[in-house]
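See below for the structure under consideration.
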Amino acid sequence: MPKIVIDKEKLLGIIGKNLSDEELRNNLSYLGTDVESITKENVEVEIFPNRPDMLSEQGLGRALRSFTGKEKGLKKYSAKKSSYRVIIDNSVKKVRPHTACAVVKGLKLDEKKIESIIEIQEKLHLTYGRNRKKCAIGIYPLENISFPITYKAILKEKIKFVPLDSNKEMTAKQILEIHDKGKEYAHLLKGEKYYPLFVDSKNKIMSMPPIINSEETGKIKYNTKDVFVECSGHDFRVLSKALNMVVTALADIGGIVYEVELVNEKKRTPELEPEERILRKQYCESIIGRKFSDKEIVVCLEKMGCSVRKKDYDFVVRVPCYRADIIHEVDLVEDIAIGFGYNNLVEDDLRPETPGKECFGEKIKDKIRDLL
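Quick note on the numbering used here: the sequence shown kicks off at 1 and runs consecutively.
Written out as structure tokens, the structure reads:
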């Protein structure tokens with residue numbers, strides 16, 4: 001599991017509460033993280049794989065701010081309309097078919113913030129992106145590129161550019177054989193004749209995903225205020241969620257998010273609207289093994305950053321756009337258990353032992369399998 005080291009003063013500033021070390025440790029543990037250490041300067045935390053949105057100080061601070069009651073409920077994010085376009089060429093479909101993109105403006109960066117951006121990018125690569133196989137993220141200074149951008153694949157022999165942190169032009173083959181990042185991730189393009197590229201309207205190569213950005217267009221500096229963010233991979237939902245995690249973190253440090261039109265995909269990203277899911281109260285109680293009042297369910301889910309409204313005997317839950325772990329109704333039940341506190345759940349007496357036997361329905365299925 002990945003570890004992140006966060007400036008304690010900054011984290012407490014994001015939370016908006018002056019928590020003692022013990023209170024901070026307890027809240028982090030109850031939220032579902034493993035606290036390695038808390039010093040005067042830093043907090044070192046191991047983030048569980050199901051909450052990649054907490055891999056940045058902004059994401060973790062946001063979760064704690066809600067969990068501690070400073071700002072409960074759904075935090076809303078939005079993206080402004082824009083004319084920015086990314087053209088997705090058919091040539092990329094067999095290599096790395098999908099992308100999700102955004103523009104973020106008005107950033108005021110310093111050394112710490114740049115380090116934070118790089119860290120969330122690399123931590124998401126390692127965990128949620130399965131070491132860049134499922135998702136690779138690129139961030140570029142907006143002033144260095146011209147729209148529309150094209151995402152396409154060309155013959156690897158025709159690719160040549162200066163990769164990030166290099167001062168000489170290389171072919172794609174040389175990048176994969178010589179450059180540190182190229183050697184580390186070369187296996188992701190093994191056997192491919194065509195390599196994916198992001199190219200701007202002036203035909204400048206921006207990057208060769210999932211390997212590396214170009215030095216000319218892909219280096220974030222202190223005077224960078226506006227950035228273009230792209231995620232590439234094989235599953236659009238994964239890319240969309242990863243993009244949301246990055247842009248909401250950038251929004252939390254003062255950035256303004258703008259939509260990008262994905263030409264040929266008939267989509268606009270980022271998709272920052274919350275997802276609505278139905279939670280059945282009876283199902284929740286059957287899983288946790290405890291009766292809950294309506295108010296308790298609402299309070300617990302609001303602590304986890306969701307908004308809730310009653311609908312007949314059930315609840316409609318609006319899940320934040322950056323939460324990638326809410327896939328099934330049972331995940332909402334888990335959030336209720338965390339919000340309520342596992343330590344507050346009372347143990348039941350053990351049920352008497354009963355002999356097990358095969359379900360009648362499974363016997364029927366076995367007979368049907370045999371017949372087929």
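All C-beta atoms, glycine included, are put in the ideal place defined by N, C-alpha and C. From a predicted model like this one, the values you see are computed outputs, not experimental measurements.
Opening and closing residue of the alpha helix (DSSP H) in which residue 287 lies: Here the alpha helix (DSSP H) through residue 287 covers 281-288.
query: Ends of the beta strand (DSSP E) at residue 51?
result: First-last for residue 51: undefined, no H or E at that position.
message: Taking 6 Å as the limit between beta carbons, can you name the residues of its chain near residue 261, skipping five residues before and five after?
response: For residue 261, where only same-chain residues beyond five positions count, the Cβ hits under 6 Å are 85, 268.
message: Ignoring anything shorter than 4 residues, give me the alpha helix (DSSP H) runs that lie fully in the stretch 259-325, in order along the chain.
response: Counting whole runs of 4 or more residues, the stretch 259-325 contains the alpha helix (DSSP H) stretches 281-288, 294-303.
field: Between the CA atoms of residue 102 and residue 243 - distance to the nearest angstrom
entry: Whole-angstrom Cα-Cα distance: 8 Å.
task: Tell me residue 196's beta-bridge partners as DSSP assigns them.
output: According to DSSP, which records beta bridges pairwise, residue 196 is partnered with 153.
- prompt: Just to confirm, are residue 123 and residue 11 a CB contact at a threshold of 7 Å?
  reply: Result no, Cβ atoms of residue 123 and residue 11 do not sit closer than 7 Å.
field: Residues of its chain near residue 212, where Cβ-Cβ distance is below 6 Å and the 5 sequence neighbours each way are ignored
entry: Here the set comprises 163, 164, 181.
field: Nearest neighbour of residue 224, chosen from 65, 110, 38 [CA to CA]
entry: Distances from the CA of residue 224 to each of 65, 110, 38 were compared; the closest alpha carbon is that of 110.
- prompt: Taking C-alpha atoms, which residue in 71, 136, 278 lies nearest to residue 309?
  reply: For the residues 71, 136, 278, the minimum Cα distance to residue 309 belongs to 278.
- prompt: What residue range is occupied by the uninterrupted beta strand (DSSP E) comprising residue 98?
  reply: Its beta strand (DSSP E) spans residues 98-105.
query: Of all the options 185, 311, 245, which has the alpha carbon lying nearest to the alpha carbon of residue 298?
result: Among 185, 311, 245, the Cα nearest to that of residue 298 belongs to 311.
Cα-Cα separation between residue 332 and residue 119, rounded to whole angstroms: Spanning the alpha carbons of residue 332 and residue 119 requires a straight line of approximately 28 Å.
- prompt: Within 10 angstroms of its Cβ, does residue 300 collect 16 or more other Cβ (buried), or is it exposed?
  reply: Here residue 300 is buried, its C-beta having at least 16 other C-beta atoms within 10 Å.
- prompt: Could you give the C-beta distance for residue 59 and residue 251, rounded to a whole number, given that I count them as a contact under 8 Å?
  reply: In fact, because the Cβ distance is near 11 Å, the residues do not count as touching under 8 Å.
- request: Kindly provide the ranges of any beta strand (DSSP E) runs that are 3 or more residues long and lie completely inside the stretch 126-153, ordered along the chain.
  value: Taking only runs of at least 3 residues, the beta strand (DSSP E) segments lying wholly in the stretch 126-153 are 135-141.
field: Sub-7 Å separation of residue 159 and residue 195 beta-carbons
entry: Pairing residue 159 with residue 195 gives a Cβ-Cβ distance under 7 Å.
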